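Colleague: Taking our numbering, the leading residue of the sequence shown gets 2, the next gets one more, and so forth.
Backbone N, C-alpha and C fix where the C-beta goes; we use that ideal spot for every residue, glycine too.
Computed from a predicted structure; not experimentally measured.
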Amino acid sequence: MGITGLLRFWHTYKNLSRIKQIVNVLLKHGFGQFIEQTNLQRFIPLRKRIKYFTRLQEMEKHTIPQRLRLAFGELGPSFIKLAQMLSTRPDLVTEEYANEFKKLQDRVPPFSSDKAVQMIEAEFKLPLSALFAGFDMVPVAAASIAQVHNAVLNTGEKVIVKVQRPDIREMIETDIVILGAIARLMLKYIPESRYFDPEGIVEEFSKTVKRELDFIMEAKNAQRFRKNFEGHPDIYIPAVYPDFLSSRVIVMERIEGTKIDDIKTIDDLGIDRRALARKGVDAYFKMIFEDGFFHADPHPGNIFVLNDGKIGLMDFGIVGWLSPDMIDNIARAFLAVINKDFDRLIDIYINLGLMEDEVDLDAFKREFRADLVYMMEPLYDLSISEVNFPEYLEALTHLVIKHGLRVPTDLLLMNRTILIVDNIGRRLDPKFNLISAAEPYAAKLVKERMSPQSILGKAVNNITDMGELFLDTPKQINRLLRKTLRDEVSFKMEIAGMDKLIRDLDRSSNRIAFSLIVASIILGSSMLIQSNIGGKIFGLPAVGAIGFMVAFLLGVRLLISIIRSGRL
2 MGITGLLRFW
12 HTYKNLSRIK
22 QIVNVLLKHG
32 FGQFIEQTNL
42 QRFIPLRKRI
52 KYFTRLQEME
62 KHTIPQRLRL
72 AFGELGPSFI
82 KLAQMLSTRP
92 DLVTEEYANE
102 FKKLQDRVPP
112 FSSDKAVQMI
122 EAEFKLPLSA
132 LFAGFDMVPV
142 AAASIAQVHN
152 AVLNTGEKVI
162 VKVQRPDIRE
172 MIETDIVILG
182 AIARLMLKYI
192 PESRYFDPEG
202 IVEEFSKTVK
212 RELDFIMEAK
222 NAQRFRKNFE
232 GHPDIYIPAV
242 YPDFLSSRVI
252 VMERIEGTKI
262 DDIKTIDDLG
272 IDRRALARKG
282 VDAYFKMIFE
292 DGFFHADPHP
302 GNIFVLNDGK
312 IGLMDFGIVG
322 WLSPDMIDNI
332 ARAFLAVINK
342 DFDRLIDIYI
352 NLGLMEDEVD
362 LDAFKREFRA
372 DLVYMMEPLY
382 DLSISEVNFP
392 EYLEALTHLV
402 IKHGLRVPTD
412 LLLMNRTILI
422 VDNIGRRLDP
432 KFNLISAAEP
442 YAAKLVKERM
452 SPQSILGKAV
462 NNITDMGELF
472 LDTPKQINRL
482 LRKTLRDEVS
492 FKMEIAGMDK
502 LIRDLDRSSN
512 RIAFSLIVAS
522 IILGSSMLIQ
532 SNIGGKIFGL
542 PAVGAIGFMV
552 AFLLGVRLLI
562 SIIRSGRL
């Protein structure tokens with residue numbers, strides 16, 4: 002979308018008030034310079050800009066990440082969800098921002114139960130009494146996207162009814178469009194923002210949150226998990242009721258159990274907590290290493306201990322997918338760490354495609370290996386039970402950020418999931434160790450991948466790919482030659498930092514011209530006052546006095562612009 006398209010977008014009333022709200026909240030929390038850099042100051046009244054300067058000292062009590070977290074919290078569901086996504090991307094936003102965003106909780110007051118009933122009846126085109134024998138009007142849980150009510154079907158089954166917030170879909174879609182426009186402005190006016198790919202972040206956020214908003218997709222996720230764990234002795238996945246399903250309402254079997262972090266009740270039930278920790282971790286490693294499809298929101302509110310000792314999982318809106326190649330590389334990386342095979346570990350990172358194309362491969366290998374050795378060697382003096390896995394994963398994240406590696410979203414989602422599971426495991430069993438629990442899965446997977454059948458299958462695939470490449474190469478060369486002959490081949494050259502330099506020169510030129518105009522008005526007004534011609538204001542010639550007032554106001558405007566930008 003070009004500048005003309007952006008202006009058309011901004012002039013639509015539906016989005017204008019929301020843009021103003023977003024920009025004013027950002028100003029309130031001290032992001033005036035960002036607003037000016039992205040040319041968004043047009044949405045802020047002058048009185049608010051002046052008020053902003055009086056609060057600068059108060060704002061500086063908080064760090065920039067803290068202020069951004071407060072702003073996102075004030076801006077509502079879309080921005081809370083965005084912050085939660087960014088909390089899993091320290092490779093993009095740095096660890097300081099990621100840790101701050103983790104503090105944002107997705108807890109909001111419930112909406113009116115009458116509106117929930119209206120939503121249910123509108124989705125199924127039936128009165129509530131025709132759908133349920135009983136419906137609890139008091140929600141048992143509420144979050145930014147939906148709330149949950151207990152109910153009983155007319156056939157007697159106890160269920161939960163998850164109902165989407167009214168207008169939440171439209172609100173989030175509006176915010177995504179606005180965020181996309183802001184991302185494009187960042188790329189246009191702040192070239193250094195390319196490092197963390199603002200457009201890519203908005204696109205990733207859009208995909209993630211739209212999946213969460215689609216309860217039909219959540220139902221499919223639940224059904225897939227139920228199939229993957231069919232007949233499993235330790236894990237239970239509740240049933241979905243397809244006859245009571247829409248994109249905004251989902252009805253699922255109600256799990257009667259105890260939250261996984263309610264240690265006292267678990268002890269009172271006489272359930273072995275050590276065995277429970279092992280069951281839960283085994284389930285997640287099955288999802289990761291065997292299924293390549295994992296439940297990515299394992300907070301205690303979504304994991305229950307059933308009376309028979311089984312573990313029940315709930316809420317399947319956030320899931321992660323791992324390709325067979327990625328699973329293979331994860332298992333190999335795990336074994337490479339155990340075996341101190343740093344060179345193989347580096348090769349695995351390269352295979353995962355984590356590096357930028359222009360990286361000097363030899364220099365990267367040399368520097369990354371040195372940092373890996375420095376980080377990992379102390380671990381080998383410890384027993385497996387002494388290794389603190391969260392600390393190791395945090396150190397590895399530092400290393401990834403330092404070397405500018407880009408980690409696939411699902412891989413980071415997996416890391417976050419493993420850390421939460423590890424934390425739950427340690428609460429259940431203080432002696433629990435995630436690394437020793439994972440080792441058999443990784444070893445089994447690598448053994449399967451190295452079997453003759455697996456190697457033969459990969460060889461056949463590689464031969465097929467090479468054959469297709471061989472057959473397609475003449476066509477590609479022919480196409481390139483035709484384009485060259487028609488002068489359709491072009492080369493793009495970009496000088497790093499040139500856009501910023503041009504923008505700064507343009508701003509400086511504008512200020513110089515502005516200053517010359519102010520000086521000219523002052524000089525002309527002085528000459529008019531000296532001539533003593535015309536009517537008078539406060540004893541001074543009116544035209545000259547008005548000229549001085551205009552020059553004063555223009556000078557104040559110039560001064561505000563300079564202060565806001567933080568430089569002359």
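If the criterion is Cβ atoms closer than 8 Å, does the pair F343 and R367 meet it?
Modeller: Contact flag unset, no.
Colleague: Classify S18: buried if its beta carbon has 16 or more other beta carbons within 10 angstroms, exposed otherwise.
Modeller: Per the 10 Å Cβ criterion, exposed.
Colleague: Do M120 and V250 count as a contact pair if the criterion is CB distance below 8 Å?
Modeller: Taking 8 Å as the Cβ cut-off, V250 and M120 qualify as a contacting pair.
Colleague: With burial defined as no fewer than 16 other Cβ atoms inside 10 Å of the residue's Cβ, what is the status of N330: buried or exposed?
Modeller: Buried, because 16 or more other Cβ atoms sit within 10 Å of the Cβ of N330.
Colleague: By how many angstroms is the C-alpha of G313 removed from the C-alpha of H233?
Modeller: The alpha-carbon atoms of H233 and G313 are separated by roughly 11 Å.
Colleague: With DSSP run on the structure shown, which of helix, strand or coil describes P243?
Modeller: If DSSP states are grouped into helix, strand and coil, P243 belongs with the strands.
Colleague: Using a Cβ-Cβ cut-off of 6 Å (strictly less than) and excluding sequence neighbours within five positions of Y285, which residues of its own chain qualify?
Modeller: Within the same chain, Y285 has close Cβ partners V422.
Colleague: Given K103, which residues of its chain have a CB within under 7 Å of its CB, disregarding the five upstream and five downstream residues?
Modeller: So the list reads S88, once near-sequence residues are dropped.
Colleague: Let's see if you can read the secondary structure: which residues bound the beta strand (DSSP E) around F136?
Modeller: F133 to F136 is the span of the beta strand (DSSP E), which, as asked, contains F136.
Colleague: Counting C-beta neighbours from all protein chains within 10 Å, is the total for P128 16 or more, i.e. buried, or is it exposed?
Modeller: Exposed, because fewer than 16 other Cβ atoms sit within 10 Å of the Cβ of P128.
Colleague: Can you have a look at L362 and say buried or exposed, based on whether 16 or more other CB atoms are within 10 angstroms of its CB?
Modeller: Classification of L362: exposed, given that the 10 Å Cβ count is below 16.
Colleague: Grab me the residues of D176's own chain with a C-beta within less than 6 Å of its C-beta, minus the 5 sequence neighbours each way, in chain order.
Modeller: Answer for D176: S79, listed in chain order.
Colleague: Which one of I436, M315 and F44 has the shortest CA to CA distance from A223?
Modeller: It is M315 whose Cα lies nearest to the Cα of A223.
Colleague: Measuring alpha carbon to alpha carbon, tell me which of G258, G281, R279 and A278 ends up nearest L270.
Modeller: For L270, the nearest C-alpha among the options comes from G258.
Colleague: Comparing alpha-carbon positions, which option in G281, T398 and D168 lies nearest S145?
Modeller: Out of G281, T398 and D168, D168 has the C-alpha closest to the C-alpha of S145.
Colleague: Would Y393 pass as a contact of K341 if the rule is Cβ separation under 8 Å?
Modeller: No.
Colleague: Since R345 and A337 should fall inside the 8 Å C-beta cutoff, what is the C-beta to C-beta distance between them, to a whole number of angstroms?
Modeller: Right, the Cβ-Cβ distance comes to about 4 Å (below 8 Å), so this counts as a contact.
Colleague: Is the Cβ-Cβ distance between G321 and L414 less than 8 Å?
Modeller: Yes; because the gap between Cβ atoms is below 8 Å, this pair is in contact.
Colleague: Counting C-beta neighbours from all protein chains within 10 Å, is the total for G157 16 or more, i.e. buried, or is it exposed?
Modeller: Its Cβ having fewer than 16 others within 10 Å, G157 is exposed.
Colleague: Could you compute how far the alpha carbon of V141 sits from the alpha carbon of I339?
Modeller: So the two alpha carbons sit approximately 45 Å from each other.
Colleague: Measure the C-alpha to C-alpha separation of N25 and F44 and round it to an integer number of angstroms.
Modeller: Each residue's Cα considered, the two are about 8 Å apart.
Colleague: Taking 7 Å as the cut-off, does the CB of G426 come closer than this to any heavy atom belonging to the ligand SAM?
Modeller: As for the ligand SAM, it is missing from this structure, which has no ligand bound.
Colleague: From E254 to L400, what does the alpha carbon distance come to, in whole angstroms?
Modeller: Straight-line Cα distance between these residues: approximately 44 Å.
Colleague: Nearest-angstrom Cα distance between S324 and I349?
Modeller: Taking the straight line from one Cα to the other gives about 15 Å.
Colleague: Report buried or exposed for V164, applying the criterion of at least 16 other Cβ atoms within 10 angstroms of its Cβ.
Modeller: Counting Cβ neighbours within 10 Å, V164 comes out buried, since at least 16 surround it.
Colleague: Go through the stretch 247-324 residue by residue and report every complete run of the alpha helix (DSSP H) that reaches 4 residues or more, in order.
Modeller: As far as the stretch 247-324 is concerned, its whole alpha helix (DSSP H) runs of at least 4 residues are 264-269 and 274-286.
Colleague: Quick one: using the 10 Å Cβ neighbour count with 16 as the cut-off for buried, is M138 buried or exposed?
Modeller: So M138 ends up on the exposed side.
Colleague: Can you tell me whether I264 is buried or exposed? The criterion is at least 16 other CB atoms within 10 Å of its CB, across all chains shown.
Modeller: Flag for I264 reads exposed.
Colleague: Check H404 in the structure and name its three-state DSSP category.
Modeller: In this structure, H404 counts as coil in the three-state DSSP scheme.
Colleague: Three Cβ pairs or more, each shorter than 8 Å: is that satisfied between the stretch 212-222 and the stretch 63-81?
Modeller: The answer is no - the stretch 63-81 does not touch the stretch 212-222, with fewer than three Cβ pairs under 8 Å.
Colleague: Have a look at D262 and G310 and give me their C-alpha separation to the nearest angstrom.
Modeller: Roughly 14 Å separates the two Cα atoms.
Colleague: Could you check if M550 is buried or exposed, using at least 16 other CB atoms within 10 Å of its CB as the buried criterion?
Modeller: Burial call: exposed.
Colleague: Output yes or no for whether 8 Å exceeds the beta carbon distance between F290 and A131.
Modeller: Not a contact, by the Cβ cut-off of 8 Å.
Colleague: Measuring alpha carbon to alpha carbon, tell me which of N416, L69, R274 and G201 ends up nearest F335.
Modeller: Among N416, L69, R274 and G201, the Cα nearest to that of F335 is on N416.
Colleague: Among the candidates V149, V94 and I81, whose CA atom is the shortest distance from the CA of S114?
Modeller: When only C-alpha atoms are compared, the closest one is V149.
Colleague: Which class does L154 belong to by DSSP, given the choice of helix, strand or coil?
Modeller: In the structure shown, L154 sits in a strand (DSSP, three-state: E or B).
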